[in-house]
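Okay, so here's the structure we're looking at.
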Amino acid sequence: MATKKIIAICQSGGEFVTNKDGTLSYNGGDAYAIDIDDETELDNFKSEVADMFSCSVDNMTIKYLLPGNKKTLISISKDKDLKRMINFVADTMSVDVFIISEEAAARNISNMPASRSSRTTVSEAVVPVVAADDVDMTNAIDMPGGTPLSAIPPDSNDDSHRKAAQQWENTITGLGQRFNSFTEFREALHKYSIAHGFAYRYKKNDSHRVTVKCKSQGCPWRIYASRLATTQLICIKKMSSKHTCEGAAVKAGYRATRGWVGNIIKEKLKSSPNYKPKDIADDIKREYGIQLNYSQAWRAKEIAREQLQGSYKEAYTLLPYFCEKIKETNPGSVVTFTTKDDSSFHRLFVSFHASISGFQQGCRPLLFLDSTPLNSKYQGTLLAATAADGDDGIFPVGFAVVDAESEENWHWFLQELKTAVSTSPDSQQITSQDSQQITFVADFQNGLKKSVAEVFDKCYHSYCLRHLAEKLNKDLKGQFSHEARRFMIDDFYAAAYAPKLEGFQSSAESIKSISPDAYNWVVQSEPEHWANAFFAGARYNHLSSNFGQQFYSWVSDAHELPITQMVDVLRGKMMESIYTRRVESNQWVTKLTPSKEEILKNEIAVSRSFQVLLVHGATFEVRGDVVEIVDIDHWDCTCKGWQLTGMPCCHAIAVFECIGRDPYEYCSRFFTTENYRLTYAESIHPVPNVDRPLVCESTEELAVTVTPPPTKRPPGRPKMKQPESVDIIKRQLQCSKCKGLGHNKKTCKDS
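The sequence shown lines up with residues 1 to 751 when you count with UniProt numbering.
Given below as structure tokens:
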């Protein structure tokens, strides 16, 4: 049977002090730790102690205190006494042993009670019975030598430092203290040095032992820790706790490494993801008396975020496993990724089955294409295709993470998107895509004009009005004043929204009156792709691709996460949105969705003032402020409102009221509550073990190696995406003397 080892904390050179309650405490001196067991002989033990303290074996007296009794010292004079001590302290794993020379004994005799031989029985010693679970070894071990930790003053000139001293002054308690790893020991030592305001350096620092001494020249403070025999624990074996360097006056800021600050702020960052570097620096200064600059605080935040969220690099390694998990938990989903020749990440496409089914079953054949930059460690761009549900809510269909927004990447994205939306739904119901061609609202730059036409050969491409207006403003910059450009942009929007040719021409003429060049720009910009008066597709009066702002706000909240976690956050947002809208729609009792129901009621109210005349067949003349012609068989009105929105206009409703028809029967089926519920009928399911896959699960998938892309975040503060706004005009400098643009009166050449 293996013998049980006990840690003997040998102390010498100090003095015993009798406390008010009669208990003894030992102050000052040095201390060392020695492993002993039942087979240890007293002579060998004395020899080892004599070598440690450089004293004589002949003049040495060894004493100890019984567990639970700090009032009576027991002497050890022979092997039997040593074994009895080991039996007494077997449950506590350690014992304080005091080495007293004859001179020290003479000095201390007045402070010590009468000593008893270790031959005293347990019953005589009146040792209270203490269960092993109730013994707190950390608190039971007194700090050997010098002033106790709690008595070491923090920096008296910095009250903010006191909080750290109170919090960390006992992270190192003395000999015999055990740690689970060297990392834990070093962290405790780091906090201890900050709390007590001294600097230290490593003399030895490896996987077997750590020796540390005070950085001040000649200061005796030092500590030694090594692995406890036959265990994986780390134990403090030697410690000299006295400082002669006035270490409390030494600033510990030099030890505020990024990793240390990261550990400090980790929990707060977890609850407050938008924790700013400036606030981090202020908090560290206030709470720990350490001054950080912005860069240090920012890098510490990055380290803390990586500790919380996982490694960016490891996320790319797990990408094959993650993609397979999505397809396993969400059957029918389209998830693909590609790498470059060097195995570095290139592109990732994700379209969940619930998104595909919802678009096919309930959404209009209308998709908005847009992009947003990713300011993560490895940069990149997110491309997205979003649809509009029957209540004009955003419905994400598919998205991709690519290295950059380019013609090649958009072409690839559209190919993957076509694969997804062309997938047959589970039911046999005719889908919207079978009955109508898809209309895309997207930019015409970055290769989109060419790619949309090539990939979806039978579709309509509506140029995003926002991108067009930005390009017009950019091309006109420097030629016209702020007011003139604003008028032209307003006229441009009016031309785009004008339902009839007359309205378009009127707005175009207004632009021409300001600048013929701007008029030519508008005419040559292919109005058939953006003006209501000419566009052949059905875009339901949505003229800009930034319809999916809610989705891009989700991306903005998650874009700094590792790629797998970012995708999973987006999945969670989509999953929650689908569930919430499904539950809400189950409470609806109207035939149309709430927003469309409101529109229809408003149109009905307006229609009551009109006069209706039958022309012939299904054609009617409706008279109000103007005269409009309504053809109810072809769902057509000369005001173009019915065709542009999919909802009957007030003129058509006047006809329905006249002939006794139900206006609900003439609303697009995409706006019905039934179709809305079909959109959100399917669920997106969770993907377990996103960041910590089981080894047995991920072995096969990880056979494909994916490394991070070569691009990394450039130095400096990342550029923020400009807010989406129609007001894109910025005031331009204008000279008050010559009225020229681009300079002021002081720099005018005419002066």
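Note that CB positions come from ideal geometry on N, CA and C, so glycine has one too.
Beta-carbon spacing of residue i, residue j below 8 Å
{"i": "A533", "j": "F504", "result": "yes"}
{"i": "K215", "j": "Y200", "result": "yes"}
{"i": "V212", "j": "L175", "result": "no"}
{"i": "S357", "j": "V334", "result": "no"}
{"i": "T673", "j": "T590", "result": "yes"}
{"i": "H411", "j": "G380", "result": "no"}
{"i": "V441", "j": "L543", "result": "yes"}
{"i": "V555", "j": "T372", "result": "yes"}
{"i": "L348", "j": "A400", "result": "yes"}
{"i": "R663", "j": "G548", "result": "Here the sequence assigns Pro to residue 663, which means Arg is not the residue at that position. For P663 and G548, no; Cβs fall outside 8 Å."}
{"i": "I9", "j": "V89", "result": "no"}
{"i": "P527", "j": "K640", "result": "no"}
{"i": "C235", "j": "A33", "result": "yes"}
{"i": "E41", "j": "D79", "result": "yes"}
{"i": "S241", "j": "W221", "result": "yes"}
{"i": "F480", "j": "S515", "result": "yes"}
{"i": "H482", "j": "D443", "result": "no"}
As assigned by DSSP and simplified to three states, the class of residue i
{"i": "K203", "result": "strand"}
{"i": "H616", "result": "strand"}
{"i": "Y460", "result": "strand"}
{"i": "F399", "result": "strand"}
{"i": "V695", "result": "Below a pLDDT of 50, predicted positions are generally treated as unreliable, and V695, at 48, falls in that range; the measurement from the model is reported next regardless. It is helical."}
{"i": "Q296", "result": "helix"}
{"i": "V387", "result": "As written in the sequence, residue 387 is Ala, which differs from the Val given in the question. Correct three-state label for A387: strand."}
{"i": "A442", "result": "strand"}
{"i": "R466", "result": "helix"}
{"i": "H346", "result": "strand"}
{"i": "S510", "result": "helix"}
{"i": "K251", "result": "Its pLDDT being 45, under 50, K251 is placed unreliably in this model, and the coordinates cannot settle the point."}
{"i": "P373", "result": "strand"}
{"i": "R209", "result": "strand"}
{"i": "T171", "result": "coil"}
{"i": "L189", "result": "helix"}
{"i": "T40", "result": "coil"}
Where residue i falls, given that 16 or more other Cβ within 10 Å makes a residue buried
{"i": "D403", "result": "buried"}
{"i": "K340", "result": "exposed"}
{"i": "Q363", "result": "At residue 363 the sequence reads Cys, which differs from the Gln that was named. The residue is buried, with at least 16 neighbouring Cβ atoms inside 10 Å."}
{"i": "H208", "result": "exposed"}
{"i": "D391", "result": "buried"}
{"i": "P688", "result": "exposed"}
{"i": "V627", "result": "exposed"}
{"i": "Y378", "result": "buried"}
{"i": "H461", "result": "buried"}
{"i": "D58", "result": "exposed"}
{"i": "L414", "result": "buried"}
{"i": "H196", "result": "buried"}
{"i": "S56", "result": "exposed"}
Contacts around residue i, its chain only, beta-carbon distance under 6 Å, and the 5 residues preceding and following it disregarded
{"i": "C650", "result": "E603, V606, S607"}
{"i": "K5", "result": "D35, D37"}
{"i": "A315", "result": "P562, I563, T564"}
{"i": "T244", "result": "C219"}
{"i": "S115", "result": "Confidence in S115 is poor, its pLDDT being 39 and thus under 50, which makes the residue's placement unreliable; the coordinate value appears in the next sentence. For S115, where only same-chain residues beyond five positions count, the Cβ hits under 6 Å are L73, S75."}
{"i": "I7", "result": "A33, S94, G176"}
Neighbourhood of residue i by C-beta distance below 7 Å, restricted to the same chain and skipping five residues each side
{"i": "A618", "result": "D631, I632, D633"}
{"i": "T593", "result": "G390, D391, F671, T673, Y676"}
{"i": "P277", "result": "Y294, A297, W298, K301"}
In DSSP terms, what residue i is bridged to
{"i": "S351", "result": "V334"}
{"i": "K238", "result": "Y32, Y224"}
{"i": "N27", "result": "E15"}
{"i": "L366", "result": "T439"}
{"i": "C637", "result": "V630"}
{"i": "C10", "result": "Y32, V97"}
{"i": "C214", "result": "Y200"}
{"i": "E621", "result": "L613, I629"}
{"i": "L592", "result": "T672"}
{"i": "F535", "result": "Its beta-bridge partners do not exist; DSSP assigns none."}
Own chain, CB closer than 8 Å to residue i, minus 5 neighbours either side, in chain order
{"i": "K458", "result": "Q437"}
{"i": "R677", "result": "G362, R582, S585, N586"}
{"i": "N19", "result": "S25"}
{"i": "E682", "result": "H353, A354, S357, G358, I578"}
Within-8 Å CB hit, residue i to chain B
{"i": "K238", "result": "Note that chain B does not occur in the displayed structure, where there is just one protein chain."}
Proximity test, residue i beta-carbon vs the ligand ATP heavy atom, cut-off 7 Å
{"i": "C735", "result": "Within the structure as shown, the ligand ATP is missing, as the structure has no ligands at all."}
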